[in-house]
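K.L.:
If you scroll down you'll find the structure; I have some questions about it.
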Amino acid sequence: MLSMFRLENKNALVTGGSKGIGLGMAKALGKAGAKVVIASRGKEDLEKATEELRELGVEAKGKRVDVTDKNSVEELVEFVVDEYGSLDVLVNNAGMNIRKKLVDVEEKDWDQVLDTNLKGIFLTGQAAARQMIKQQSGKIINISSIFGGVGSSYQTSYAASKGGINQLTRVWADELSSQGICVNAIAPAYIKTPMTQGWLADEERYHQIKSQTMIGRVGELEDLYGPVVFFASDASSYVTGQILYVDGGWTAK
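Using my numbering, you'd call the opening residue of the sequence shown number -4 and step up by one each time.
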């Protein structure tokens, strides 16, 4: 039964894969047997992360991408197929946040977050889906957030983008299921990463976040390993259109 969770002969693409959640998920997929391409904007971070994966025994390659640029995204998918022969798993992860009160959010803040978090998810998912339709198989895993489903201050643009991701996940699942493609989303609560480090450094805020969860702690990268491997593997072949909250019980309270 455990062989259903293995990813040998699977080729995975992880956007935003040079650090944080993306790199953590790339490690999980690689350790489960997948060949991995990680993609991000920053050359130095990408080279460092690729080497880190290889030191763990993962067959990995890095490729620079701007997920807000259609041509860049299409070149990325072509790169994966040229290197490995197919694209079996997409972890659609690239994202960012600008935390401000509603009255302080500037138009450029909104545009930057929505372009990266929602347009980027759309463009990458579209390019990957076209390849997967040719194969008549594939797994798309969109990375959402608890703030796609619950309200929280300072999250105007971020929450809007993540709510949009949840709806894209459901629509794509319906469209692509007949093509042998499953589409699901993982929606974490706060996970300790470079992106959340500054926000979690405030002791009062840190304890308030802990108190929101039933488990009573902030999430670790390792908490996402099982969910991403499950959605990438044959074990989830009858699961599509789902938003999996990995949040220590936050949304169940």
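Even glycine gets a Cβ: it sits at the ideal position worked out from N, Cα and C.
1) Would Ser140 pass as a contact of Lys157 if the rule is Cβ separation under 7 Å?
2) As a quick exercise: from Gly80, Glu50 and Val84, pick the residue whose alpha carbon is nearest that of Leu2.
3) Given Ala154, which residues of its chain have a CB within under 6 Å of its CB, disregarding the five upstream and five downstream residues?
4) Using CA atoms only, rank isn't needed, just tell me which of Ser147, Val213 and Val62 is closest to Lys96.
5) Report the residue ranges of all alpha helix (DSSP H) runs contained in full by the region 6 to 65; include only those spanning at least 4 residues, in chain order.
6) If you follow the beta strand (DSSP E) that Ala184 is in, where does it begin and where does it stop?
7) Just the Cα atoms here: how many angstroms apart are Gln57 and Lys26?
8) Excluding the 5 residues flanking Thr151 on each side, which residues of the same chain have their C-beta closer than 6 Å to its C-beta?
9) Using three-state DSSP, classify Gly133 as helix, strand or coil.
10) At the level of alpha carbons, what is the spacing between Gly144 and Glu46?
11) Examine the Cβ distances between the region 164 to 177 and the region 205 to 215 and report whether three or more of them are shorter than 8 Å.
12) Fully enclosed by the region 98 to 148, which alpha helix (DSSP H) runs are 4 residues long or longer?
13) So the beta strand (DSSP E) Asn87 belongs to, where does it begin and stop?
14) Can you list, in chain order, the residues of its chain whose CB lies under 7 Å from that of Pro189, leaving out five sequence neighbours each side?
15) So, for Val224: in the same chain, excluding its five sequence neighbours on each side, which residues have a beta-carbon less than 8 Å away from its beta-carbon?
P.N.:
Well, looking at it:
1) To locate residue 140, count along the sequence shown from 1; it is residue 145. To locate residue 157, count along the sequence shown from 1; it is residue 162. Going by C-beta atoms, Ser140 is nearer than 7 Å to Lys157.
2) Here the question's residue 2 lines up with position 7 in the sequence shown. Nearest option by C-alpha distance: Val84.
3) Walking along the sequence shown from the start, residue 154 turns up at place 159. Only Phe142 meet the Cβ criterion.
4) For the purposes of this step, residue 96 is taken as residue 101 along the sequence shown, with counting starting at 1. Closest option to Lys96, Cα to Cα, is Ser147.
5) 15 to 26 and 38 to 50
6) Start at 1 with the first residue of the sequence shown, and residue 184 comes out as number 189. Careful: Ala184 lies outside any beta strand (DSSP E) and carries neither H nor E.
7) Numbered from 1 along the sequence shown, position 62 holds the residue referred to as residue 57. Numbered from 1 along the sequence shown, position 31 holds the residue referred to as residue 26. The displayed chain sequence assigns Gly, not Gln, to residue 57. Whole-angstrom Cα-Cα distance: 17 Å.
8) Translated into the one-based positions of the sequence shown, residue 151 becomes position 156. For Thr151, where only same-chain residues beyond five positions count, the Cβ hits under 6 Å are Leu97 and Val100.
9) Counting from 1 along the sequence shown, the entry for residue 133 is found at position 138. The answer is strand: DSSP assigns Gly133 an E or B state.
10) In the sequence shown, residue 144 corresponds to position 149, counting from 1. In the sequence shown, residue 46 corresponds to position 51, counting from 1. For Gly144 and Glu46, the distance between alpha carbons rounds to 36 Å.
11) no
12) 102 to 109 and 115 to 130
13) Your numbering for residue 87 matches position 92 in the sequence shown. Segment Val84 to Asn87, the beta strand (DSSP E) holding Asn87.
14) Within the sequence shown, numbered from 1, the residue matching residue 189 stands at position 194. Lys14 and Gly15.
15) Taking the sequence shown and counting its residues from 1, the one referred to as residue 224 is at position 229. Cβ within range, chain order: Phe0, Leu2, Ala23, Leu24 and Ala27.
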